[in-house]
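Data first, discussion second: the structure below is written as structure tokens.
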Amino acid sequence: MKLQMHSIHFDADRKLTDFIQRKADKLDTFYDRIIDGEVFMRLDKNEKNENKIIEIKLNVPGKQLFAKHQSDSFEAAADEAVEALRRQIKKFKEKVVLAHQ
34 MKLQMHSIHF DADRKLTDFI QRKADKLDTF YDRIIDGEVF MRLDKNEKNE NKIIEIKLNV
94 PGKQLFAKHQ SDSFEAAADE AVEALRRQIK KFKEKVVLAH Q
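In terms of the numbering used here, the numbers along the sequence shown are unbroken and rise by one, the last being 134.
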């Protein structure tokens, strides 16, 4: 799956973008018609530890899925966002299957 990576106010290293790409690629096993997606990584300017935010938008035929998570590491936030998208994909796929019956 083709993902555009955007790191806002910092430069994301290759390891982080590869990690997110690998996580997102697993979503293809749940739904193989994902068109593409965008990932936004941003640092929140607060004093808390949980200041890393990941937003993922996925384009599927006829709809855009979105998940946003905040955690103390980009990897943890990406895990949570991908898990949320996995649940959304399963629901979306069930609706598509039901609509075609």
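Every residue, glycine too, gets a C-beta built ideally from N, C-alpha and C.
Every value quoted in this text rests on a predicted model; they were computed, and no experiment measured them.
Simplified DSSP state of Asp-112, which is helix, strand or coil: helix
Quiz item: How would you write the range of the beta strand (DSSP E) that Gln-97 sits in, first residue to last?
Solution: 96-104
For Lys-56, the first and last residue of its enclosing beta strand (DSSP E) | That residue, Lys-56, is in no beta strand (DSSP E); its alpha helix (DSSP H) goes 47-58.
Next on the checklist: Please return the same chain residues whose Cβ sits closer than 6 Å to the Cβ of Ala-100, not counting the five positions on each side in sequence.
Outcome noted: Ile-89, Ala-114, Ala-117, Leu-118
Among the candidates Leu-91, Ser-106, Asp-44, Leu-76, whose CA atom is the shortest distance from the CA of Gln-121?
Leu-91
**Message:** Taking the alpha-carbon of Asp-61 as reference, which of Gln-103, Lys-128, Leu-36 has the nearest alpha-carbon?
**Reply:** Leu-36
C-alpha gap between Arg-55 and Leu-49, whole angstroms
10 Å
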